[in-house]
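These protein sequences, in sequence, are chains A and B. Residues in the first sequence are numbered consecutively from -10, following this note's numbering. Residues in the second sequence are numbered consecutively from -10, following this note's numbering. All C-beta atoms in this analysis are idealised placements derived from N, C-alpha and C, irrespective of residue type, glycine included. First the structure, in the form of structure tokens, and then the observations on it.
Number of protein chains: 2
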Amino acid sequence: MATDTSSGNRLRSVSASFCSSSGVSTCSHPASTDCRACLFKPRCLPAELDGERLASFERHVCRLRRPFRATEVLVRQGDAMRSIYVLRVGSLKALINEQDGTERIMGFRFPGALVGLAELQQPRWLRTFVALEDTWVCQIPLQTLDDGLRGQLLKIMSEELRQEYHSHLMLASRSGPRKVVSFLLQISDNFSSRGLSPSHFHLPMNYADVANYLGMRHESVSRILAGLQHRDLIRKSGKTVLILDFEGLRRAQDLIR
Amino acid sequence: MATDTSSGNRLRSVSASFCSSSGVSTCSHPASTDCRACLFKPRCLPAELDGERLASFERHVCRLRRPFRATEVLVRQGDAMRSIYVLRVGSLKALINEQDGTERIMGFRFPGALVGLAELQQPRWLRTFVALEDTWVCQIPLQTLDDGLRGQLLKIMSEELRQEYHSHLMLASRSGPRKVVSFLLQISDNFSSRGLSPSHFHLPMNYADVANYLGMRHESVSRILAGLQHRDLIRKSGKTVLILDFEGLRRAQDLIR
DNA sequence: CAGGAATATTGATGCAGATCAAGAAAAGGC
DNA sequence: GCCTTTTCTTGATCTGCATCAATATTCCTG
């Protein structure tokens, strides 16, 4: 019986009562960021908007009054699809409940990511998104996604498709060390492409989640990471990872624990 | 050294000299099908076009004078990206050459599929597409993809994204039988959604390709399929597969060879 | 239709990673 | 701060699949 709960977390739901339809939609909150000032604007939906069109877009975007806490659910598989989200601060894991009840982690999301692309044309969410730490998002109602945004949407979606191909390569590589190294490099690329350090970052998820994502066991993830550290290819303290030798890492994919 | 050539095929290039710019673009060929008469129109790019807009679209679409033969390359990773393709007859495999030279099969494509979605915004092809049998395609130059088609494009792309999630589940399931059963059901769904039989179909690729795709070995694929056949869950003769018991198949994912 | 190449099958063996188990270290709550 | 819970680590054992090898079958070509 594959009882693969990945981590015995009871998922708490948060009553997402933001954008509380109190007449005026002044959903501006912590630090009341407008898109113009946002670090992620160039890669976000309104990348090419300005002036009145941007203002109009901003009026529709909703922000939460408080962050989602670790283990809280942003959206749940099966929920009606009404908005997509932009992750501004924190991190999420995406997971799917398979027919036999086991859950499979499909990916991790970091600041700058759009959440809900695969569900764009669907009536319901196909995946559950759970916060891994304190997490702030912008909520963008589907109606807001008019023709003017389609170009940018296509661009971001095609990017996500390419990331999924990377995942395929990672998973099909069929050796523990390869998967784990591939995972580290994937995360590193992700941060790098958002202007953050590729060699020094924070891994908010636990080993059970990583293992679930990679189709392996958390003990194996632990052993392999310990091995990489022992060879001075990475250094890990707490949830912080330091990549010391990218070339060595790539070469080390076949060497074991 | 993971020398994973998947099948020792020397890939022949075909000088794709269609749409041969002979002044008039009457690229109408075998059976000179117009989009209106095409089985796939409702799921294809021009789904929502008609009248003059459809006619204009059709004038840009090019068809080949002869099919691609098995092992011939439609496009090669690294080629300049100028068109996308619609697969009308036959089948393709998509593969990526990894940095270490090994090639990994990323997927199989059947009639009705759009080829090139992940490369839409890229200057070059990220994947090589190889014909598995006699294969006919429509070529759609990128310039043709104007705003009017973006809605449909988004729809198809989001669909492809969801298929990739299925692949992720398949690969992360980390047991041979699970992967193989998942593969069979994926193919079955694919045919089914195009109006073909979900239980009786043709598998044009060899076991080495399936194994490469799934991150396993062809011997294992052979043994597992033999096991499924022995349990009367499927029947296989030549390249034809008959699924006898869907429920049994799903249940059998843990039972071995 | 014959001969050769590609593909599939089947058996024997070895090993990477799963599994089981138990303790250590961190994180979180009061 | 202390206690509980979660997460991580490490060891011992087991097993499914890779690997190696050899034969059988199918496909292709002249």
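Q.
Cβ closer than 8 Å: which chain A residues qualify as neighbours of L150/B?
A. Contacts between L150/B and chain A, judged by CB atoms closer than 8 Å, involve L106, A107, M146, E149, L150, E153 in chain order.
Q. Taking DSSP as the reference, what is the three-state secondary structure of F299/A?
A. Nothing about residue 299/A can be reported from this structure: the residues present for chain A run from -10 to 246 only.
Q) Alpha carbon to alpha carbon, what distance is there between W125/B and H18/B? A) Residue placement at H18/B is poorly supported in this model, since its pLDDT is 48, which falls under 50; the coordinates still yield a value, given next. Roughly 10 Å separates the two Cα atoms.
Q) DSSP three-state call for F29/B: helix, strand or coil? A) The answer is coil: DSSP assigns F29/B none of H, G, I, E or B.
(Q) DSSP three-state label for V230/A, please. (A) DSSP places V230/A in strand when its eight states are reduced to three.
Q.
So, does the stretch 110 to 125 of chain A touch the stretch 55 to 70 of chain A, judging by three or more C-beta pairs under 8 Å?
A. Yes, the stretch 110 to 125 of chain A is in contact with the stretch 55 to 70 of chain A.
Q.
Measuring straight from C-alpha to C-alpha, what distance separates E37/A and V64/A?
A. Cα atoms of E37/A and V64/A: separation of roughly 28 Å, rounded to the nearest angstrom.
Q: Select from the stretch 154 to 172 of chain A all residues with a C-beta closer than 7 Å to any C-beta belonging to chain B, and list them in chain order.
A: Look at the stretch 154 to 172 of chain A: the residues with a C-beta under 7 Å from a C-beta of chain B are Y154, S156, H157, L158, L160, A161, S162, R163.
Q: Starting from the beta carbon of R93/B, find every residue of chain A whose beta carbon is closer than 9 Å, and list them in chain order.
A: Within 9 Å Cβ-Cβ: H157, L158, A161, S162.
Q: Give the DSSP bridge partners of V78/A, in chain order.
A: Paired residue(s): W125/A.
Q) Quick one: does the C-beta of L192/A sit closer than 6 Å to a heavy atom of the ligand ADP? A) Summarising the ligand content, the structure contains no ligands, and the ligand ADP is consequently not present.
Q: Consider the Cβ of S240/A: report whether some Cβ of chain B lies at a distance smaller than 7 Å.
A: Just to set this straight, residue 240/A is Arg in the shown sequence, not Ser. By the rule that beta-carbons nearer than 7 Å mark a contact, R240/A does not touch chain B.
(Q) So, for N(-2)/B: in the same chain, excluding its five sequence neighbours on each side, which residues have a beta-carbon less than 6 Å away from its beta-carbon? (A) Caution is warranted here: a pLDDT of 39 is assigned to N(-2)/B, below 50, making its placement in the model unreliable, and no coordinate value can be reported.
Q: Could you tell me which chain A residues have their CB closer than 9 Å to the CB of R139/B, listed as they occur along the chain?
A: For R139/B, the residues of chain A that pass the 9 Å Cβ criterion are D136, R139, G140, L142, L143, in the order they occur in the chain.
Q. So is Q132/A in contact with chain B if we call contact Cβ pairs under 7 Å?
A. Cβ-Cβ to chain B under 7 Å: no for Q132/A.
Q: Would you list the one or two residues that DSSP bridges to H191/A?
A: For H191/A, which the question treats as bridged, DSSP gives the partners T229/A.
Q: Answer yes if the stretch 149 to 158 of chain A comes into contact with the stretch 139 to 156 of chain B, meaning at least three C-beta pairs across the two stretches below 8 Å, and no otherwise.
A: Touching, per the Cβ criterion.
Q | Backbone CA spacing between K144/A and Q110/B [nearest angstrom] | A | The alpha-carbon atoms of K144/A and Q110/B are separated by roughly 6 Å.
**Q.** G90/B at chain A interface by Cβ criterion, 7 Å
**A.** At least 7 Å separates the CB of G90/B from every CB of chain A.
Q: Answer with buried or exposed for L106/A, where buried requires no fewer than 16 other C-beta atoms within 10 angstroms of its C-beta.
A: With 16 or more other Cβ atoms inside 10 Å of its own Cβ, L106/A counts as buried.
Q. Taking DSSP as the reference, what is the three-state secondary structure of A59/A?
A. It is coil, neither helix nor strand.
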